[in-house]
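In the numbering used here, the protein residues as written are 768 to 1288.
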């Protein structure tokens, strides 16, 4: 490294340069010994820098209601403060309401809130814009970077974690001088829709018939025509942006009354393609498709169809760890948008999708991937049983990450791979129902404190003694957007669902009462 102007120490390598990649590789080499020395010892001193940047396409993000507050979804990482010598540095675009931080700290078991707060360092950029990722904001603010570096007391026991790893996060890790516990951005293609289809085939996992590495409307029309010719009974096919997020990059093409020829389909695309994202248009969608590419595949339909997901991790020692399974709850015009999840996946197939998920993880390990990711399937019941098709690999944290982390930290239980169940220390199995999309216009104006008061007053708040109750996230989105995330933990699947429905009824009642001035809360 050269000298920075004014003698301020070494000049960092240029962003995106070969020198930066070399430096990143040297930092990443520290992860494996750190994993053995620090990660496995709850009492070992450590510093975790949490950068919950949503470094994905800004146009895709803008279609998500309340996305300004999605950086809060990683506040589950505050639960790491239960380790007595852990320090946590949490960086956001905007300062988080102190009542939200208090809420999470009070969930910590066995650690006084004041003790945890001493080890928590909060930093914010004061910049609410959503079209610039948090990591970019930090890189553009030398004073913020300096404050971050100053907060890292011992870089030998520090690492950075993020929502998804892109070249921005790689640059940030190099500027901070600490490794990034996530996938090398050079491998990001594995997590695209096209890369996922190739990975599934390499792993011996079925995929819906289709085509990847498509670049434009001509490719889309050719792929749709070929699919219809192969499958005359096919009613619909799905078009997906390579880097779509939570299903909002998907669009459905109905074949009804359209000849199965590429020219006919090409002419029909602008008016017939049905978008999952609200306020999407053909012009906007095809522009984005030409930028990032995408796929076309059969839209699977059946009287009984599910959308399970497997969460896995490859640790710095290259060991594959099975974390959990979920049944995803999907909505949107054609049921492709992620709304929430139920843990664990149904007993009829969870062990089979665990097996398939591990096969995919082993292929990813061979490619050099580390970190947490999920593998999504669509499962169709046939006369001979369930058949599973790989849909995509989410090479990042996702909607199933924070609910499971909350379960782990709140209950201190263990996951049993043989059954796919999670057991509390008492041996009792735990279930939950979680959603990022509990939203109603009448919830607007409720503050985080209001919500917490309601949960406590109605005995919904999670109770450590019974290992049952409700935990909220995305609290910052509530006042303006009427939106909040929820995890309902219980001893049975039915009870978890009951808690969810009970919470909705309670919030509806409270919101209506406040609107008419009748609430006694």
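Note that beta-carbon positions come from the ideal geometry of N, C-alpha and C, so glycine has one too. Computed from a prediction, not measured in an experiment: that's the story for all the values here.
Environment of residue i [buried if 16+ CB atoms lie within 10 Å]
i, result
"residue 1291", "Because the chain here runs from 768 to 1288, residue 1291 falls outside it and cannot be looked at."
"residue 1288", "Per-residue confidence for residue 1288 stands at a pLDDT of 47, beneath the threshold of 50, marking its modelled position as unreliable; the derived number appears in the next sentence. Burial call: exposed."
"residue 1018", "buried"
"residue 1128", "buried"
"residue 1215", "buried"
"residue 814", "buried"
"residue 1047", "buried"
"residue 936", "buried"
"residue 1032", "buried"
"residue 987", "buried"
"residue 1223", "exposed"
"residue 1114", "exposed"
"residue 1023", "exposed"
"residue 873", "exposed"
"residue 1234", "buried"
"residue 810", "exposed"
Bridge partners - residue i, DSSP secondary structure assignment
i, result
"residue 1008", "1061"
"residue 1095", "1108"
"residue 814", "854 and 925"
"residue 1190", "1181 and 1196"
"residue 1159", "1143"
"residue 1252", "1240"
"residue 981", "1061"
"residue 1078", "1091 and 1141"
"residue 819", "None, per the DSSP bridge assignment."
Pairwise C-alpha distance: residue j and residue i
i, j, result
"residue 780", "residue 1108", "42 Å"
"residue 981", "residue 1061", "5 Å"
"residue 989", "residue 1029", "5 Å"
"residue 888", "residue 1150", "56 Å"
"residue 851", "residue 993", "60 Å"
"residue 891", "residue 816", "13 Å"
"residue 944", "residue 1158", "36 Å"
"residue 1069", "residue 790", "50 Å"
"residue 806", "residue 1085", "14 Å"
"residue 1080", "residue 1037", "40 Å"
"residue 964", "residue 1144", "11 Å"
"residue 1170", "residue 1201", "7 Å"
"residue 796", "residue 946", "8 Å"
"residue 924", "residue 1255", "34 Å"
"residue 1227", "residue 1131", "41 Å"
"residue 823", "residue 900", "8 Å"
"residue 1251", "residue 1269", "15 Å"
"residue 802", "residue 1162", "20 Å"
"residue 939", "residue 919", "14 Å"
"residue 1183", "residue 1191", "11 Å"
"residue 826", "residue 898", "8 Å"
"residue 778", "residue 942", "10 Å"
Residue i at chain B interface by Cβ criterion, 7 Å
i, result
"residue 1213", "This model lacks chain B altogether; it includes just one protein chain."
Cβ separation of residue i and residue j, assumed to be a contact under 8 Å, to the nearest whole Å
i, j, result
"residue 867", "residue 1242", "5 Å"
"residue 1093", "residue 1105", "That pair is no contact at about 10 Å."
"residue 978", "residue 820", "Not a contact, Cβ separation roughly 32 Å."
"residue 1099", "residue 1011", "So it is not a contact: roughly 12 Å between Cβ atoms."
"residue 1059", "residue 991", "Not really, about 19 Å apart at Cβ, beyond 8 Å."
"residue 724", "residue 1067", "Absent from the model: residue 724. The displayed extent of the chain is 768 to 1288, so no value can be given."
"residue 1155", "residue 1123", "6 Å"
"residue 849", "residue 875", "5 Å"
"residue 1083", "residue 1120", "Contact doesn't hold; Cβ gap of about 26 Å is too wide."
"residue 1065", "residue 1026", "Contact flag wrong, Cβ pair sits at about 18 Å."
"residue 886", "residue 854", "5 Å"
"residue 1211", "residue 1249", "4 Å"
"residue 949", "residue 1138", "4 Å"
*Counting only runs that start and end within the segment 859 to 921, where is the alpha helix (DSSP H) found for 4 or more residues in a row?*
865 to 873, 880 to 885, 901 to 906 and 909 to 918
*Let me know the alpha helix (DSSP H) ranges lying completely inside the segment 1018 to 1074, each 4 residues or longer, listed in chain order.*
Counting only runs of 4 or more residues that sit fully inside the segment 1018 to 1074, the alpha helix (DSSP H) segments are 1029 to 1039 and 1049 to 1059, in chain order.
_Continuous alpha helix (DSSP H) assignments of at least 4 residues falling wholly in the segment 947 to 980_ = 960 to 970
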